[in-house]
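As numbered in the numbering used here, the sequence shown has no gaps in its residue numbers, which increase by one up to the final residue, 474. Note that CB positions come from ideal geometry on N, CA and C, so glycine has one too.
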Amino acid sequence: MEVKRFFSTTMQDALRIVREEFGADAVILSNAKVEGGVEIVAALDYEEDWEQEPVELEIASRGEPSPSQLARMHAEKHLQLQREMEQAKRKIEAVRAKKYKEPSSSELNRSSANSVNKPKVNTPQQGQENHSADLDALSAMRAEILEIKNLLARQPSSANKDLHPQKTQIEQQTEKMFESLCLSKSTKQLLAKELQLWIKRSELQGTLGDSQFSDAWKHLSQFIEKSIRVDRAEIIDRQGVFALVGPTGSGKTMTIGKMAARYVMEYGSDDIALVTTDRYRIAAHEQLKVFGRILNVPVHSVDESHSLDMILDKLSQKKIVLVDTAGLMHSDSCWTEQLQEIKLSHHKIQCYLTVSAVGQYQVMSSIYHNYKMVDLSGVIVTKIDEAVSLGEVVSFLMDTGLKASYFTDGQRVPEDIHLFDAHAMFERAQTLLNTSERWVTIRADDPSGLGFSQQDTKGIRETILFHSA
6 MEVKRFFSTT MQDALRIVRE EFGADAVILS NAKVEGGVEI VAALDYEEDW EQEPVELEIA
66 SRGEPSPSQL ARMHAEKHLQ LQREMEQAKR KIEAVRAKKY KEPSSSELNR SSANSVNKPK
126 VNTPQQGQEN HSADLDALSA MRAEILEIKN LLARQPSSAN KDLHPQKTQI EQQTEKMFES
186 LCLSKSTKQL LAKELQLWIK RSELQGTLGD SQFSDAWKHL SQFIEKSIRV DRAEIIDRQG
246 VFALVGPTGS GKTMTIGKMA ARYVMEYGSD DIALVTTDRY RIAAHEQLKV FGRILNVPVH
306 SVDESHSLDM ILDKLSQKKI VLVDTAGLMH SDSCWTEQLQ EIKLSHHKIQ CYLTVSAVGQ
366 YQVMSSIYHN YKMVDLSGVI VTKIDEAVSL GEVVSFLMDT GLKASYFTDG QRVPEDIHLF
426 DAHAMFERAQ TLLNTSERWV TIRADDPSGL GFSQQDTKGI RETILFHSA
């Protein structure tokens, strides 16, 4: 391995000199502006297996250096070791020359100056002692050069590690935050690249420091919020047919009830209708009919004698139609039948994927891939109040690029449905970092265990019985 410094007036000319001398296999260890031009430290035949040991003490004494400083330290250490190895080689050559009585250049000069060369005569005992001393010196030199070679072999390379052989304090802190937020692997990789760009810009501006984690995290937070697409126009303020699709238990029916209640409170009940396509489960439409009776909104069910298109034809005068679909397994043949009915309808049906915030990221991604065949217009995130972390939701929205329309955070109708706000959602995700457990205190007068008094429980039971009658 060979390391050398190159100087020139411009970076392009310096790189040309490196290529001419070292060829295409040269590795650039560092570059810096110096008086009169630029300086490049390059290496040839660089080792692949590196460790950090030769510079650990220097890093500890000087504080954590920048990538360019770290590369310069590696180059200087390497050059120093090369000089030591050359000195060791010269010592070995001198010992060998002495052993075989090969005169050095200084001895030749002295012999030429002397007119008479008087050979030195050693006794047998002296010759044996000299030979033993020569062997000891040769062994010492060989051990020394072997040690230097081992040090050179352990020299780390900044070329293959992108000049970052170890992570900075800012990178370590942000990675811990990524893990705590439960972000997906792809999202963490995207944010890591964005952090590297921010670090490089800060280095150029001379504002980078390990104490600037708060600035780095603020930048990443803004990047996350900008990466989440949000549907600025509320669904109930638009006209058309809107279908909620998603698996069983994702909260489609309850969300439709909340949306219908918001619409009725804003525009009245004359121009809205509800439709359910769930003809596969017994009494699956009953909950939607309860909402219809409470809101005075008609509810229609798709069955063998009434197709989805037939019902939508009858409701063509309505300004908004909300369609509740069955949550079936994608392996079920009825699941394909239902989606085909929506996709092939001659009505323009805008489909919104309903995703529960309590699900794992892999589950959310699987749901997305199963339902994207219906050309999803957006996503509604439900059960935010039940989630112990929201990093999965954040990652899902960033990775899929779906527009987020609403999120729900409770059972109240219609209070617990809100327009999606990326900033508020990420703030909520960070707040959950400090909440590892949620304790619920059940009062003695709360037989339901849900935080209601006996009088509240009685009133709720009477309301349910009244509307179910």
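- Contact under 8 Å by Cβ, I354 with V280: Reading the sequence shown from its first residue, position 349 is the one you call residue 354. Reading the sequence shown from its first residue, position 275 is the one you call residue 280. No, these two residues do not count as a Cβ contact at 8 Å.
- Item | Sequence-distant residues of the same chain with beta carbon closer than 8 Å to S66, five excluded per side | Position 61 of the sequence shown, counted from the first residue, corresponds to residue 66. Confidence in S66 is poor, its pLDDT being 45 and thus under 50, which makes the residue's placement unreliable; the coordinate value appears in the next sentence. Cβ neighbours of S66 beyond the five flanking positions: none.
- Can the beta-carbon of D329 be found less than 8 Å from the beta-carbon of K257? Within the sequence shown, the letter at position 324 stands for residue 329. Within the sequence shown, the letter at position 252 stands for residue 257. Yes, Cβ-Cβ distance for D329 and K257 is below 8 Å.
- Query: So, helix, strand or coil for H311, using DSSP?
  - Reply: Here residue 311 refers to the residue found at position 306 of the sequence shown. H311 falls in the strand class under three-state DSSP.
- Message: Tell me whether the stretch 182-200 and the stretch 397-404 touch, counting them as touching only if at least three CB pairs, one residue from each stretch, are closer than 8 Å.
- Response: yes
- Message: In the DSSP output, what is N375 paired with across the bridge?
- Response: Sequence index remark: in the sequence shown, residue 375 carries index 370 (1-based). DSSP lists no partner for N375.
- For K205, is the classification buried or exposed, using 16 other Cβ atoms within 10 angstroms of its Cβ as the cut-off for buried? By 1-based counting over the sequence shown, the position of residue 205 is 200. Answer is exposed; the Cβ neighbour count stays below 16.
- Taking R4 as part of the alpha helix (DSSP H), name the residues at either end of that continuous run. Residue numbering for the chain in the displayed model covers 6 to 474; residue 4 lies beyond these limits and cannot be assessed.
- Query: For the stretch 389-436, which segments carrying the alpha helix (DSSP H) assignment without a break, of at least 4 residues, lie completely within its bounds, in sequence order?
  - Reply: 396-405 and 427-436
- Message: According to DSSP, is H305 part of a helix, a strand, or is it coil?
- Response: Against the sequence shown, residue 305 aligns to sequence position 300. Of the three classes helix, strand and coil, the one that applies to H305 here is strand, per DSSP.
- Task: Please classify G297: does DSSP put it in a helix, a strand, or coil?
- Result: The residue you call residue 297 lines up with position 292 of the sequence shown. G297 falls in the helix class under three-state DSSP.
- Message: Can you check which of these residues, V418, K9, Q174 and H428, is closest to L300 by C-alpha distance?
- Response: Along the sequence shown, read from residue 1 onward, the residue named residue 300 stands at position 295. Cα-wise, what sits closest to L300 is V418.
- Could you check if S35 is buried or exposed, using at least 16 other CB atoms within 10 Å of its CB as the buried criterion? Residue numbering aside, residue 35 sits at position 30 when the sequence shown is read from its first letter. Buried: at least 16 other Cβ atoms inside 10 Å.
- CA-to-CA distance, Q178 to L225, given in whole angstroms: As a position in the sequence shown, residue 225 is number 220, starting the count at 1. As a position in the sequence shown, residue 178 is number 173, starting the count at 1. C-alpha separation (whole angstroms): 12 Å.
- Message: Applying the 10 Å Cβ sphere with the 16-neighbour rule, what's the burial state of R448?
- Response: Counting from one through the sequence shown, the residue named residue 448 turns up at place 443. Bear in mind that the predicted position of R448 carries a pLDDT of just 45, short of 50, making it unreliable; the figure below should be weighed with that in mind. Classification of R448: exposed, given that the 10 Å Cβ count is below 16.
- Beta-carbon proximity list for A392, same chain, < 6 Å, skipping 5 on both sides: Walking along the sequence shown from the start, residue 392 turns up at place 387. Around A392: A362 and V363.
- Query: Alpha carbon to alpha carbon, what distance is there between F228 and D314?
  - Reply: Stepping through the sequence shown from its first residue, residue 314 is reached at position 309. Stepping through the sequence shown from its first residue, residue 228 is reached at position 223. Between D314 and F228, the C-alpha separation is close to 43 Å.
- Message: Quick check on K94 - is its C-beta less than 8 Å from some C-beta in chain D?
- Response: The chain labelled as chain D is not found in the depicted structure, where only one protein chain is given.
- Cβ neighbours of Y268 in the same chain (closer than 7 Å, five flanking residues each side left out): Here residue 268 is taken as the residue at index 263 of the sequence shown, counted from 1. Closer than 7 Å at the Cβ level, and outside the excluded window around Y268, lie I241, I277 and I325.
- Query: Helix or strand or just coil, what does DSSP make of I233?
  - Reply: In the sequence shown, residue 233 corresponds to position 228, counting from 1. Looking at I233 - three-state DSSP - the assignment turns out to be coil, as it is neither helix nor strand.
- Helix, strand or coil: which one does DSSP assign to Q174? In the sequence shown, counting from the first residue as 1, residue 174 sits at position 169. Q174 falls in the helix class under three-state DSSP.
- Query: Nearest CA to the CA of S96: which residue from Q85, L86 and A145?
  - Reply: As a working note, residue 96 is residue 91 in the sequence shown. In the sequence under discussion, the amino acid at residue 96 is Lys, which differs from the Ser named in the question. Taking only the C-alpha atoms, the option nearest K96 is A145.
- Message: Pull the bridge partners of F247 from the DSSP assignment, please.
- Response: Counting from one through the sequence shown, the residue named residue 247 turns up at place 242. F247 is bridged to L327 and Q355.
- Message: Residues in the same chain with beta-carbon distance under 6 Å from K348, minus the five sequence neighbours each way, listed in chain order, please.
- Response: Mapped onto the sequence shown, residue 348 falls at position 343. Here the set comprises V379.
- Task: Going by CA-CA distance only, name the one from G254, R298 and G332 that's closest to T282.
- Result: The residue labelled residue 282 in the question sits at position 277 within the sequence shown. Checked all of G254, R298 and G332; the closest Cα to T282 is G332.
- Query: Looking at the structure shown, is T387 part of a helix, part of a strand, or coil, going by DSSP?
  - Reply: Residue mapping note: residue 387 aligns to position 382 of the sequence shown, counting from 1. Strand at T387.
- Kindly list the residues whose CB is nearer than 7 Å to the CB of K9, restricted to its own chain and excluding five residues on each side of it in sequence; keep chain order. Here residue 9 refers to the residue found at position 4 when the sequence shown is read from its first residue. Here the set comprises A47.
- Item | Whole-angstrom distance between L249 and E346, CA atom to CA atom | As a working mapping, residue 346 is identified with position 341 in the sequence shown. As a working mapping, residue 249 is identified with position 244 in the sequence shown. About 14 Å.
- Message: Using only the alpha-carbon positions, how far apart do L438 and G254 sit?
- Response: Translated into positions along the sequence shown, residue 438 becomes position 433. Translated into positions along the sequence shown, residue 254 becomes position 249. Each residue's Cα considered, the two are about 26 Å apart.
- Task: In the DSSP assignment, find the unbroken beta strand (DSSP E) run with E7 in it and report its ends.
- Result: Indexing the sequence shown from 1 puts residue 7 at position 2. E7 -> beta strand (DSSP E) spans E7 to S13.
- Excluding sequence positions up to five away, which residues of its chain have a Cβ less than 8 Å from the Cβ of K198? Translated into the one-based positions of the sequence shown, residue 198 becomes position 193. Result list for K198: empty, nothing under 8 Å.
- Determine the direct distance from the alpha carbon of L49 to that of E98, and round the result to whole angstroms. In the sequence shown, the residue the question calls residue 98 occupies position 93. In the sequence shown, the residue the question calls residue 49 occupies position 44. About 25 Å.
- Message: Is it buried or exposed, V121, if we count other Cβ atoms within 10 angstroms and call 16 or more buried?
- Response: Residue mapping note: residue 121 aligns to position 116 of the sequence shown, counting from 1. Reliability of the predicted coordinates at V121 is poor, the pLDDT of 45 falling under 50, and no value is obtained from them.
- What did DSSP end up calling L470 once you bin it into helix, strand or coil? Working through the sequence shown from its first residue, we reach residue 470 at position 465. For L470, the pLDDT reaches just 38, beneath the cut-off of 50, and the residue's location in the model is therefore unreliable, leaving the point undetermined.
- Task: Drop a sphere of 10 angstroms on the beta-carbon of Q416, count the other beta-carbons inside from all chains shown, and report buried for 16 or more, exposed for fewer.
- Result: As a position in the sequence shown, residue 416 is number 411, starting the count at 1. Flag for Q416 reads exposed.
- Specify the secondary structure class of A479 as computed by DSSP and reduced to three states. This structure cannot speak to residue 479, because the chain is shown only from 6 to 474.
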